[in-house]
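Enquirer: Quick one: the structure is below, and I'll ask about it shortly.
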Amino acid sequence: MSIVTKLQKAVVNSLTSLYNKPFTDKDFQINQTKPEFVGDYTVVLFSLLKNVGKSPDELGNALGIHLIENNNELFTSFNIIKGFLNIEVSDKFWVELVTTNYQDVCYGKHPLNGKKVMVEYSSPNTNKPLHLGHLRNNFLGWSVAEILKAYGYKVFKSCIVNDRGVHICKSMIAWQLFANGATPQSTATKGDHFVGEYYVKFNDEHKRQTAELVATGIAQKEAEKQAPIMLATQQMLQDWEAGKPEVMQLWQTMNSWVYDGFDVTYKNIGSDFDKTYYESNTYLLGKEIVQLGLSKNVFTKKEDGSVWIDLTADGLDEKLVLRKDGTSVYITQDIGLAQQKYDEYGIDESIYVIGDEQNYHMKVLKLIAQKLGVASAEAIHHLSYGMVELPSGKMKSREGTVVDADDLVAEMIATSRKHTEELGKVNDFTADELTDLYNVIGLGAMKFYLLRVDPKKKMVFNPEESIDFHGFTGPFVQYTYARIKSILRKEPFNDTAISTTLLKSEKDIAVIAEQFIAVIAEAAKELDPSKIAMYIFNVAKTFNTFYSDLSIAKAESEEKKQLRLQLASLTAIILKSGMQLLGARVPERM
RNA sequence: GGUCCUGUAGUUCAAUGGAUAGAAUAGAAGUUUCCUAAACUUUAGAUCCAAGUUCGAUUCUUGGCAGGACCA
138 MSIVTKLQKA VVNSLTSLYN KPFTDKDFQI NQTKPEFVGD YTVVLFSLLK NVGKSPDELG
198 NALGIHLIEN NNELFTSFNI IKGFLNIEVS DKFWVELVTT NYQDVCYGKH PLNGKKVMVE
258 YSSPNTNKPL HLGHLRNNFL GWSVAEILKA YGYKVFKSCI VNDRGVHICK SMIAWQLFAN
318 GATPQSTATK GDHFVGEYYV KFNDEHKRQT AELVATGIAQ KEAEKQAPIM LATQQMLQDW
378 EAGKPEVMQL WQTMNSWVYD GFDVTYKNIG SDFDKTYYES NTYLLGKEIV QLGLSKNVFT
438 KKEDGSVWID LTADGLDEKL VLRKDGTSVY ITQDIGLAQQ KYDEYGIDES IYVIGDEQNY
498 HMKVLKLIAQ KLGVASAEAI HHLSYGMVEL PSGKMKSREG TVVDADDLVA EMIATSRKHT
558 EELGKVNDFT ADELTDLYNV IGLGAMKFYL LRVDPKKKMV FNPEESIDFH GFTGPFVQYT
618 YARIKSILRK EPFNDTAIST TLLKSEKDIA VIAEQFIAVI AEAAKELDPS KIAMYIFNVA
678 KTFNTFYSDL SIAKAESEEK KQLRLQLASL TAIILKSGMQ LLGARVPERM
């Protein structure tokens, strides 16, 4: 039980016996005491004043005295300042916390709760390589999965590959027109980049043909549709749906090139999935959903054969669920897949890591599923995240401002190499050890950077400044870890009994370490890795202050030395686990 | 036009309605005979505007202004 929970319960008990009426922990607030005051945790009294009919000082004194008399092992003193009751927690409690946990590598993790959750993330299109936005998505998905595991869930990671449709046909048409039989192998190009180049070529050619038609007096929109290359693409889409062998063959070949490329990227950034769904297998799933909706009168069929749902009563529009030509739209496919996941894995929650541009779509998806009464409806949860923008605004492929994922990873690793070489601390590393170290630092910096911001907010990425390695960053945390490990390699633990009082910078570590379990719970409930990033940064900072303040190896007594070694060890465990929750590693030396 | 999201130091980000709005970075000034200076210490600097709700509002409500997304 966390110290805050203990204090809450103690306050409820004291209030109840002092004032002879029932109270709950909702009646008051407990905060961490601000550093300028004496105490560890603070009971805010204002909300209780009316109920008990006392002044802040009267209530605070009565409550403070009662709390300490009845919990003298736990709380040692109190003071009241302007309606805030500051409570000091005994050193004994903090020391015990440290001595019982300092070697527990699972410290902070919650026991299994028996629930299953699926996290769907990444979900790429197969017509171009991954970019910065996909990285935020991938890191978020991975991290949320790790956090939910630590919170006690059984987690399945899934990915839906958008492998069919007009976008991939565009790349295919352009390849037929311009490639002259070239392949990734023949051009020594990574497969996803190779296919992406033809997507760009398509757009260039389409633009050129459209301009030609516009010059003959055709309206822009019409010209875009009538451009020969676009007509060819539409024909190819129909051929694909009809299963025309040579089209299917080309489609499979080009997709396999893209997958080869994605595999490399996923391996580099450390992403994987328990289950991959392909849209080419799921895009027909909507059909029975439509039948179900019609039979329940949730959907209505119009004269032209198209099927709609009326959501105006919920403040939304009428929404198309089946086109007049009988093809289903994304929303019906998605409901079908939601149900399939639910049936296959028996999940209690289904989380979709998808950008906030899809907020409306996801809202409609859940609403329709609810109206249909399908079992999976309530499990649907959209983890909506903001776009990554550049200082100049949105990334635009037309203007060539898209930050490529592979390029960025390579750049981060090169930067970590440069910093490391300048510092010259690891000259005795082998070549393999160095390669690994650059990876750990470069990826750690990048993941931390993209996860330290509240997911639902859009964020700005400035490629000019590159990513900082100082301050609120991954390498800061990693460096703190490496410094601790350096000490722990030299100074062994022993079984000296510890019953000392704590200095401020010693106690600060114990206090923040105690919060790890609660921070994991908070991050899991809010699906917010930034809570973890901020927390481990503060843990590292607290340790660094302690480190420059007090000596561990040359402590004033053996007892103090052991205490400080244990504090260091617990800190290291938290930093390593915390970074793992962000999908990042820590180096033993750097 | 409709719906939704976001406006906090020069910049990038924090703050379940609570104490003097925190960090990081950039700026200024310091710290190395001592466990890794990718560190530490000090300093200066901000709530878009206007009302309202109350003991108290960055937070909640309403109306503006600015930016973004989605829907036609």
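Every number in the numbering used here is 137 more than the matching position in the first sequence, counting from 1. Note that beta-carbon positions come from the ideal geometry of N, C-alpha and C, so glycine has one too. Predicted model, so just to flag it, every value in this text is computed and none were measured.
Relative to the C-alpha of M549, which candidate in T610, V563, L527 and L185 has its C-alpha closest?
Expert: Comparing Cα-Cα distances from M549 to each of T610, V563, L527 and L185, the minimum goes to T610.
Enquirer: By the three-class DSSP mapping on this structure, what secondary structure does G492 have?
Expert: Three-state result, G492: strand.
Enquirer: In whole angstroms, what is the alpha-carbon distance linking K253 and A634?
Expert: K253 and A634: Cα-Cα distance of roughly 43 Å.
Enquirer: Is there contact here, the stretch 624–640 with the stretch 141–159, by at least three beta-carbon pairs under 8 Å?
Expert: No, the stretch 624–640 does not touch the stretch 141–159.
Enquirer: So, under 8 Å CB-CB, K478 and I468 are touching, yes? Tell me the CB distance rounded to an integer number of Å.
Expert: Their Cβ separation, rounded to whole angstroms, is 16 Å, which puts K478 and I468 out of contact at 8 Å.
Enquirer: Using 8 Å as the threshold, is the C-beta distance between C296 and S259 below it?
Expert: Cβ distance < 8 Å, so C296 and S259 count as in contact.
Enquirer: Work out the CA separation of Y522 and K531 for me, nearest whole Å.
Expert: Computed Cα separation, rounded: 15 Å.
Enquirer: For K595, collect the residues of the same chain with a Cβ closer than 7 Å to its Cβ; drop the 5 residues on either side in sequence, then sort them by chain order.
Expert: Closer than 7 Å at Cβ, skipping near neighbours: G523, M524 and E526.
Enquirer: Identify whether I746 lies in helix, strand or coil by the three-state DSSP scheme.
Expert: Look at the range of the chain in this structure, 138 to 727, and you will see that residue 746 is not part of it.
Enquirer: Between G190, V281 and K265, which lies nearest to D591 when the distance is taken from Cα to Cα?
Expert: Closest by alpha carbon: V281.
Enquirer: Count the other C-beta atoms from every protein chain shown that fall within 10 angstroms of the C-beta of G101, then say buried if there are 16 or more, exposed otherwise.
Expert: As displayed, the chain neither begins before 138 nor continues past 727, which places residue 101 out of reach and without an answer.
Enquirer: From S667 to L719, what does the alpha carbon distance come to, in whole angstroms?
Expert: Approximately 9 Å, taken between the alpha carbons.
Enquirer: Quick one: is M499 buried, meaning 16 or more other Cβ sit within 10 Å of its Cβ, or exposed?
Expert: M499 comes out buried.
Enquirer: Is N599 helix, strand or coil by DSSP?
Expert: Correct three-state label for N599: coil.
Enquirer: Quick check on the DSSP output: what are the complete alpha helix (DSSP H) runs of length 4 or more inside the stretch 535–583, in order along the chain?
Expert: As far as the stretch 535–583 is concerned, its whole alpha helix (DSSP H) runs of at least 4 residues are 542–560.
Enquirer: When you compare only the Cα positions, how much space is there between K461 and H271?
Expert: Computed Cα separation, rounded: 34 Å.
Enquirer: Are the CB atoms of N208 and T170 within a distance shorter than 8 Å?
Expert: Their beta carbons are not under 8 Å apart, which means T170 does not touch N208 by this criterion.
Enquirer: According to DSSP, is L222 part of a helix, a strand, or is it coil?
Expert: Note: L222 maps to strand in three-state DSSP.
Enquirer: Could you give the DSSP three-state label for D447: helix, strand or coil?
Expert: Looking at D447 - three-state DSSP - the assignment turns out to be strand.
Enquirer: Return the first residue and the last residue of the alpha helix (DSSP H) that K644 is part of.
Expert: Unbroken alpha helix (DSSP H) run through K644: K641 to E651.
Enquirer: Could you give the distance in angstroms between the alpha-carbon of L704 and the alpha-carbon of A660?
Expert: So the two alpha carbons sit approximately 24 Å from each other.
Enquirer: Could you please give me the residues that DSSP links to C296 through a beta bridge?
Expert: For C296, which the question treats as bridged, DSSP gives the partners T413.
Enquirer: Quick check for students: name the residue ranges of the beta strand (DSSP E) that lie wholly in the stretch 267–354, counting only runs of 3 or more.
Expert: You should have 291–298.
Enquirer: Could you check if Q652 is buried or exposed, using at least 16 other CB atoms within 10 Å of its CB as the buried criterion?
Expert: So Q652 ends up on the buried side.
Enquirer: Hey, A311 and Y288 are a contact pair by Cβ (cut 8 Å); roughly how many whole angstroms apart?
Expert: No, A311 and Y288 are not in contact; Cβ-Cβ is about 46 Å, not under 8 Å.
Enquirer: How many Å lie between Q389 and M255 at the Cα?
Expert: Using only the alpha carbons, I get a separation of about 28 Å.
Enquirer: Could you check whether H518 and Y489 sit closer than 8 Å to each other, using their CB atoms as the reference points?
Expert: Cβ atoms of Y489 and H518: closer than 8 Å.
Enquirer: With a CB to CB cut of under 7 Å and the five nearest residues on each side skipped, what residues in its chain are close to N262?
Expert: So the list reads N299 and H304, once near-sequence residues are dropped.
Enquirer: Give the C-beta separation of L350 and Q363 to the nearest angstrom, bearing in mind that I take them to be a contact with Cβ-Cβ under 8 Å.
Expert: With 8 Å as the limit, L350 and Q363 qualify as a contact, their Cβ atoms being about 6 Å apart.
Enquirer: Beta carbon of L509, beta carbon of K433: below 8 Å?
Expert: Taking 8 Å as the Cβ cut-off, L509 and K433 qualify as a contacting pair.
Enquirer: Buried or exposed: P629, going by 16 or more other Cβ atoms within 10 Å of its Cβ?
Expert: It counts as exposed.
Enquirer: Report yes if the C-beta distance between Q717 and E283 is below 8 Å; otherwise report no.
Expert: Yes, they are a contact pair.
Enquirer: Between which two residues does the beta strand (DSSP E) carrying F436 extend?
Expert: From DSSP, the beta strand (DSSP E) with F436 extends over F436 to K438.
Enquirer: Could you compute how far the alpha carbon of E536 sits from the alpha carbon of Q699?
Expert: Cα to Cα, the separation comes out at about 59 Å.
Enquirer: Rank T179, G201 and D164 by C-alpha distance to the C-alpha of L185 and give the top, closest one.
Expert: Looking at the Cα atoms, D164 is the closest of the given residues.
Enquirer: Could you compute how far the alpha carbon of L504 sits from the alpha carbon of V226?
Expert: Their backbone Cα atoms lie some 49 Å apart in a straight line.
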